[in-house]
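Each residue of the sequence shown is one higher than the one before, counting from 1 in full-length UniProt numbering. Note that CB positions come from ideal geometry on N, CA and C, so glycine has one too.
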Amino acid sequence: MVRRTQAQPQTARRFTVQAGAAAYTVLVTRKRVKNLNLRVRGDGSVVASVPPRVSDARIQEFLDGRAHWIAEHVERQRAARERAEDASSSVPETFPLWGAAVPTAELFGCTPRATAQEAAGETPAPDRAVFDRLLADRHRREVERALPAVVASLEGRMGVHAARWQVRSMKTRWGSCTPGTRAIRINARLAAYPPACLEFVVAHELCHLLEPSHNARFHALLDRFCPENRALAARLRRPALPGTLP
Numbered sequence: 001m002v003r004r005t006q007a008q009p010q011t012a013r014r015f016t017v018q019a020g021a022a023a024y025t026v027l028v029t030r031k032r033v034k035n036l037n038l039r040v041r042g043d044g045s046v047v048a049s050v051p052p053r054v055s056d057a058r059i060q061e062f063l064d065g066r067a068h069w070i071a072e073h074v075e076r077q078r079a080a081r082e083r084a085e086d087a088s089s090s091v092p093e094t095f096p097l098w099g100a101a102v103p104t105a106e107l108f109g110c111t112p113r114a115t116a117q118e119a120a121g122e123t124p125a126p127d128r129a130v131f132d133r134l135l136a137d138r139h140r141r142e143v144e145r146a147l148p149a150v151v152a153s154l155e156g157r158m159g160v161h162a163a164r165w166q167v168r169s170m171k172t173r174w175g176s177c178t179p180g181t182r183a184i185r186i187n188a189r190l191a192a193y194p195p196a197c198l199e200f201v202v203a204h205e206l207c208h209l210l211e212p213s214h215n216a217r218f219h220a221l222l223d224r225f226c227p228e229n230r231a232l233a234a235r236l237r238r239p240a241l242p243g244t245l246p
């Protein structure tokens, strides 16, 4: 039996660094590292890790010597967060559908601004919440339309059948399978990616009806019924369209 060793407690202290008129707080943790390491997180917080025996004076000297670097990278992270917030609140010109960029006007049925308010002579701002809802519904309907043919083809080739299929929104999985009930769930967001990605996920989940775990037999089955599975899995780790969120 392999036992986990008891981790030694790590002590953390706050140091202040001045860069021009701005002051930055750095959370410094002493741990088993060889060098003094400095990092600015995505939320703009600044952290450092240092060897246990480094003195406070040496830490302050190290941080002061990198004051301008800290200021520059904190500003970069702030600007990146603002860009992400702007992108998440605005209605994009296109949306992803089966790996292609489709004009958003098609999703709204006319234009992003064409609402009941505009029909009354007003010009409202595009509504991102409406866009997100319409996109989720469109993706779900697209997968529900495409799924029966994909399932029929793969079940016939693999000689296995699921008892129930469900299309739903999932944040962390492209598909899931419950071998005991033979129920399979498919992520509606697959409609954003090329059709081969849907086929890959269906094959992956059907393989779990033949082999529940991700062992060598499972991967051999997946290689047999979906030879491009590794490339397609990598494709699903990238955004549906360049410049968009995954």
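{"Asked": "Which residues in the same chain as Leu-36 place their Cβ atom closer than 6 Å to its Cβ, once the five residues preceding and following it in sequence are excluded?", "Found": "Val-50, Phe-62"}
{"Asked": "Which residues share a DSSP beta bridge with Tyr-24?", "Found": "Val-17"}
{"Asked": "Is there contact between the region 132 to 142 and the region 178 to 196, where contact requires at least three CB pairs shorter than 8 Å?", "Found": "yes"}
{"Asked": "Taking Leu-154 as the reference, give the member of Cys-226, Arg-39, Ala-220, Ser-169 with the closest Cα.", "Found": "Cys-226"}
{"Asked": "What first and last residue would you give for the beta strand (DSSP E) that runs through Arg-164?", "Found": "164 to 168"}
{"Asked": "Who are the Cβ neighbours of Asp-223 in its own chain at under 8 Å, not counting the five residues just before and after it?", "Found": "Asn-229"}
{"Asked": "Return the CA-CA distance between Leu-232 and Ala-216, expressed in angstroms with no decimal places.", "Found": "19 Å"}
{"Asked": "Going by other Cβ atoms of all chains shown within 10 Å of its Cβ, with 16 needed for buried, is Arg-41 buried or exposed?", "Found": "exposed"}
{"Asked": "Any heavy atom of the ligand HEM closer than 7 Å to the beta-carbon of Arg-53?", "Found": "The ligand HEM is not part of this structure, which contains no ligands at all."}
{"Asked": "In terms of residues, what are the limits of the beta strand (DSSP E) holding Asn-215?", "Found": "Note, Asn-215: premise wrong, no beta strand (DSSP E); not H, not E."}
{"Asked": "So, is Ala-162 buried or exposed, given that buried needs 16 or more other C-beta atoms within 10 angstroms?", "Found": "buried"}
{"Asked": "Would you call the region 71 to 79 in contact with the region 99 to 110, where contact means no fewer than 3 C-beta pairs closer than 8 Å?", "Found": "no"}
{"Asked": "In three-state terms, what does DSSP make of Thr-29?", "Found": "strand"}
{"Asked": "I need the straight-line Cα distance from Leu-107 to Leu-206, nearest angstrom please.", "Found": "32 Å"}
{"Asked": "For Ala-188, which of helix, strand or coil comes out of DSSP?", "Found": "helix"}
{"Asked": "Under three-state DSSP, which class holds Ser-49?", "Found": "strand"}
{"Asked": "Could you tell me which residues DSSP puts in a beta bridge with Cys-177?", "Found": "Ile-184"}
{"Asked": "Let's test the definition: count the other Cβ atoms within 10 Å of the Cβ of Gln-8 and tell me whether it reaches 16, buried, or not, exposed.", "Found": "Its pLDDT being 47, under 50, Gln-8 is placed unreliably by the model, and the measurement read from it follows with that caveat. By the 10 Å Cβ count, Gln-8 comes out exposed."}
{"Asked": "When the cut-off is 8 Å and only beta carbons count, does Cys-207 lie next to chain B?", "Found": "Reference to chain B is not applicable here, since this structure consists of a single protein chain."}
{"Asked": "Which of the three DSSP states, helix, strand or coil, is assigned to Asn-37?", "Found": "strand"}
{"Asked": "Does Ala-203 pass the burial test, meaning 16 or more other C-beta atoms within 10 Å, or should it be called exposed?", "Found": "buried"}
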